[in-house]
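Chemist:
Numbering (our numbering), first residue to last: 1493 to 1803.
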C-alpha cells in the first residue's frame, strides 16, 4: 500500500484534488431528486466561482482535523466541499459592485464580470444552499446527529453572527450607510469584526473536522483555540498582503483596503506591530496542538503557511 502523503504541499495537493472532484460531482448538469432542471448559465457561473481556484485551505483544515481522529479523507471530503461552497459564495458576493467591486479573482474575471451581476448573485445563493444540501447527505456522515451538528455549525459560522454579520460591520466601518461617516472602531472591535468576517469560517472548518472525528471535550477545546488563532492570523496576513503584495502574485487588485478606509489591525497598529501580533498568533495556534503530538504537525504547518504565504 502506498503511504499517505504527509508534507503540507502534498496534503494541500491531495485534499484540493479530492475537493475539486467532489465539487465537480455536486455541480453536474443532471438534476437531482426534487429538482426540475439546472439552468446552463447558472451552472456555468457556479463552476466559474467554485472550480479551479484557490488553495482549498478550509477543506485542508476539515480533513486534517478529522485525520487526528483517524477519519480517512473520503470521510471528510463532503463536509470540506460544503464549507468550500460557502467560502466561494462569499467571494462571489464580496466581489459585486455593491460590495468590494473587484474585477479579478484568482487571476481571472470575477463572476459578475463574466456573467453579469444578476447571475452572480444567484450563483452565490445557489452555492450557499448547495452547501447545506451536501451536509444533509449520508456521505457527509452516517449519523443524523452529526449531520445536524454540522449544519448548525456552518449556519452559525456563515450567518448573521458570523461571516455575514462581519461583512456588515466591515461595510459600516467604511462609512457605507446612513450619513456616510465610518465607524471609529477600536482594536477589540476590529478583532471582533475580523473574527466574524474571516475567522468564523476557518474556525468552523477545524470544528467540523472535530465533529466528524467524534472529538472529546478536551480535544475540542484545544482545536477551538487553534482555529481561533489561525483565523485571526489569516486575516492579518491577508491585510499585510494588501499593503505589501502585488496584483500579479495575489491574482486580484491590492491596496483597495486602504483606499476604502477598511478597519484592519495593520492600519490600526502599523506593519511592524501587526507582524508581531501575527507571529504571536502562529505560536498560539501551534501550541494549542500540543495534545496531539506528531499527528498535529500538518495543522501546525498550516498555521505557519498562513503567516508566510505570498498570495
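Ideal Cβ positions, reconstructed from N, Cα and C, are used throughout, including at glycine.
Just so we're clear, the structure is a prediction, and the values are computed from it rather than from any experiment.
#1: For the alpha helix (DSSP H) containing residue 1788, list its first residue and its last residue.
#2: Using three-state DSSP, classify residue 1600 as helix, strand or coil.
#3: Using a 10 Å radius around the Cβ and a threshold of 16 neighbouring Cβ atoms, would you call residue 1727 buried or exposed?
#4: Spatial neighbours of residue 1582 within its chain, please: C-beta separation below 7 Å, excluding the five flanking residues on both sides.
#5: Please report how far the alpha carbon of residue 1497 lies from the alpha carbon of residue 1720, in whole angstroms.
#6: Buried or exposed: residue 1551, going by 16 or more other Cβ atoms within 10 Å of its Cβ?
#7: So is residue 1795 buried or exposed if we call it buried at 16+ other beta carbons inside 10 Å?
#8: Using a Cβ-Cβ cutoff of less than 8 Å, which residues in the same chain neighbour residue 1601 once the five nearest sequence positions on both sides are dropped?
#9: Measure the alpha-carbon distance for residue 1643 versus residue 1628 and round it to whole angstroms.
#10: With a 10 Å radius around its C-beta and 16 neighbouring C-beta atoms as the bar for buried, classify residue 1802 as buried or exposed.
#11: Alpha carbon to alpha carbon, what distance is there between residue 1678 and residue 1619?
#12: Could you give the first and the last residue of the continuous alpha helix (DSSP H) run that contains residue 1856?
#13: Can you tell me which of the three DSSP states residue 1547 falls into?
#14: Closer than 7 Å by C-beta to residue 1609: which residues in its own chain qualify, once you throw out the five before and the five after it? Chain order, please.
#15: Sorted by chain position, which residues of the same chain lie with C-beta nearer than 7 Å to residue 1561's C-beta, five sequence neighbours on each side aside?
#16: Just to confirm the assignment, what range does the alpha helix (DSSP H) spanning residue 1513 have?
#17: Taking the alpha-carbon of residue 1566 as reference, which of 1640, 1579 and 1632 has the nearest alpha-carbon?
#18: Over the uninterrupted alpha helix (DSSP H) stretch that includes residue 1764, give me the two end residues.
#19: Is it buried or exposed for residue 1710, if we count other Cβ within 10 angstroms and need 16 for buried?
#20: Below 8 Å, can you find three or more Cβ-Cβ pairs linking the region 1685 to 1698 to the region 1646 to 1666?
#21: Starting from residue 1624, trace the alpha helix (DSSP H) both ways and give me its first and last residue.
#22: Here's a check: name, in chain order, each residue in its chain whose Cβ is nearer than 6 Å to the Cβ of residue 1717, leaving out the five neighbours to either side.
#23: What's the call for residue 1792, buried or exposed, on a 16-neighbour Cβ count within 10 Å?
#24: Below 8 Å on the Cβ atoms is my contact criterion, and I expect residue 1612 with residue 1584 to pass it. Report the Cβ-Cβ distance as a whole number of Å.
#25: Are there three or more Cβ pairs, one per stretch, closer than 8 Å when the region 1507 to 1523 is compared with the region 1570 to 1577?
#26: Would residue 1723 pass as a contact of residue 1761 if the rule is Cβ separation under 8 Å?
#27: What is the DSSP secondary structure of residue 1434, counted as helix, strand or coil?
#28: Determine the contact status of residue 1607 and residue 1533, defining contact as a CB-CB distance below 8 Å.
#29: Out of curiosity, what's the CA-to-CA distance linking residue 1521 and residue 1527?
#30: To the nearest angstrom, how far is the alpha carbon of residue 1556 from that of residue 1674?
#31: If you compare alpha carbons, which of 1703, 1759, 1517 and 1730 is closest to residue 1691?
#32: Would residue 1516 and residue 1543 qualify as a contact pair, given that the criterion is a beta-carbon distance under 8 Å?
Modeler: Let me lay it out:
#1: Note, residue 1788: premise wrong, no alpha helix (DSSP H); not H, not E.
#2: strand
#3: buried
#4: 1655
#5: Confidence at residue 1497 is low in this model, with a pLDDT of 48, below 50, so its placement is unreliable and the value that follows should be read with caution. Residue 1497 and residue 1720 have their alpha carbons spaced roughly 26 Å apart.
#6: buried
#7: buried
#8: 1595
#9: 8 Å
#10: Residue 1802 comes out exposed.
#11: When only Cα atoms are considered, residue 1619 and residue 1678 end up about 34 Å apart.
#12: Outside the shown range of the chain (1493 to 1803) lies residue 1856, about which nothing can therefore be said.
#13: coil
#14: 1588 and 1589
#15: 1705, 1706 and 1707
#16: 1500 to 1518
#17: The option with the nearest alpha carbon to residue 1566 is 1632.
#18: 1763 to 1780
#19: exposed
#20: yes
#21: 1609 to 1627
#22: Around residue 1717: 1780.
#23: So residue 1792 counts as buried.
#24: With 8 Å as the limit, residue 1612 and residue 1584 qualify as a contact, their Cβ atoms being about 5 Å apart.
#25: yes
#26: Using a Cβ distance threshold of 8 Å, residue 1723 and residue 1761 do not count as a contacting pair.
#27: As displayed, the chain neither begins before 1493 nor continues past 1803, which places residue 1434 out of reach and without an answer.
#28: It is a contact, given that the beta carbons lie within the stated cut-off.
#29: Roughly 11 Å between the two C-alpha positions.
#30: 40 Å
#31: When the alpha-carbon of residue 1691 is set against those of 1703, 1759, 1517 and 1730, the nearest one is in 1730.
#32: Cβ atoms of residue 1516 and residue 1543: closer than 8 Å.
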